[in-house]
Amino acid sequence: SQTIHQWPATLVQPVGSPLSLECTVEGTSNPNLYWYRQAAGRGLQLLFYSVGIGQISSEVPQNLSASRPQDRQFILSSKKLLLSDSGFYLCAWDPGQGRWGYTFGSGTRLTVV
Amino acid sequence: GIQVEQSPPDLILQEGANSTLRCNFSDSVNNLQWFHQNPWGQLINLFYIPSGTKQNGRLSATTVATERYSLLYISSSQTTDSGVYFCALGTSYGKLTFGQGTILTVHP
Chain A
39 SQTIHQWPAT
49 LVQPVGSPLS
59 LECTVEGTSN
69 PNLYWYRQAA
79 GRGLQLLFYS
89 VGIGQISSEV
99 PQNLSASRPQ
109 DRQFILSSKK
119 LLLSDSGFYL
129 CAWDPGQGRW
139 GYTFGSGTRL
149 TVV
Chain B
12 GIQVEQSPPD
22 LILQEGANST
32 LRCNFSDSVN
42 NLQWFHQNPW
52 GQLINLFYIP
62 SGTKQNGRLS
72 ATTVATERYS
82 LLYISSSQTT
92 DSGVYFCALG
102 TSYGKLTFGQ
112 GTILTVHP
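In order, the protein sequences belong to chains A and B. Residue numbering for the first sequence follows the numbering used here, beginning at 39 and increasing consecutively. Residue numbering for the second sequence follows the numbering used here, beginning at 12 and increasing consecutively.
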């Protein structure tokens with residue numbers, strides 16, 4: 039069966055420090071991968087998505103970047119965190135190619151202080 | 012871009028009550044999904060329902076694509092149903108646009 043792993047679960051980082059959040063998917067190949075952010079309040083905002091290794095699309099201009107070094111690995115990074123980067127970050131995958139099945143990871147709560 | 016509006020924003024129920032959550036959207040849809048976010052933040056996919064009606068236990072969903080709305084029905088609610096319910100519309104490559112959610116609180 040397919041599983042998605044996301045870590046760390048919580049993170050407190052000072053302003054100006056770097057960030058690296060990792061997400062991996064098991065039990066599937068060539069998934070579509072996504073990074074979402076949920077600010078205090080409710081809605082989820084799509085940050086990045088990837089349809090293949092090295093293929094990254096950004097949805098909003100920001101202080102973050104994403105990379106997909108392997109088929110089932112998706113990394114969210116920042117060189118220098120801002121206070122406004124605080125939030126709940128969620129990784130997700132779906133099988134792509136018109137097949138349905140959207141699954142989220144357990145999320146990372148990031149607090150920038 | 013796609014606009015997704017959910018109502019009501021908050022809903023408080025007693026255990027055993029039924030409820031209906033609504034999702035209105037601005038564009039034609041080929042991918043509409045309902046999610047439940049539990050109090051610990053985990054998002055669970057409930058339904059993929061671009062049109063028609065589906066049922067899964069006490070939950071059912073109906074999407075009327077021509078009128079651009081979807082409904083999520085919860086019957087005989089339980090305290091474990093508490094959390095936030097999201098409607099999300101898919102565009103190309105499975106990118107989802109989320110509504111702001113309905114916060115459901117079920118009291119024992």
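Built from N, CA and C at the ideal position, the CB exists for glycine as well.
Between L82 of chain A and chain B, the shortest Cβ-Cβ separation is below 8 angstroms.
In terms of beta-carbon proximity, G105 of chain B lines the interface with chain A, with at least one pair separated by less than 8 angstroms. The Cβ-Cβ distance between L85 of chain A and E97 of chain A falls below 8 angstroms. Across the set B:P20, B:L32 and B:G52, the C-alpha of B:L32 shows the shortest separation from the C-alpha of S88 of chain B.
Per DSSP, the continuous beta strand (DSSP E) segment holding A104 of chain A begins and ends at S103 to Q108.
Out of A:S55, A:R80 and A:P69, the CA that lies nearest to the CA of I114 of chain B is found in A:R80. Among the residues facing chain A, Q53 of chain B is included, as its CB has a counterpart in that chain under 8 angstroms away. In terms of beta-carbon proximity, L128 of chain A lines the interface with chain B, with at least one pair separated by less than 8 angstroms. No Cβ of chain A is located within less than 8 angstroms of the beta carbon of N67 of chain B. The Cβ neighbour count for W131 of chain A, taken over all protein chains shown within 10 Å, is at least 16; the residue is labelled buried. T149 of chain A is outside the set of residues whose beta carbon lies under 8 angstroms from a beta carbon in chain B.
Judged by DSSP secondary structure, N29 of chain B falls outside any beta strand (DSSP E); it is assigned neither H nor E. The straight-line gap separating the alpha-carbon atoms of T74 of chain B and Q51 of chain A is approximately 43 angstroms.
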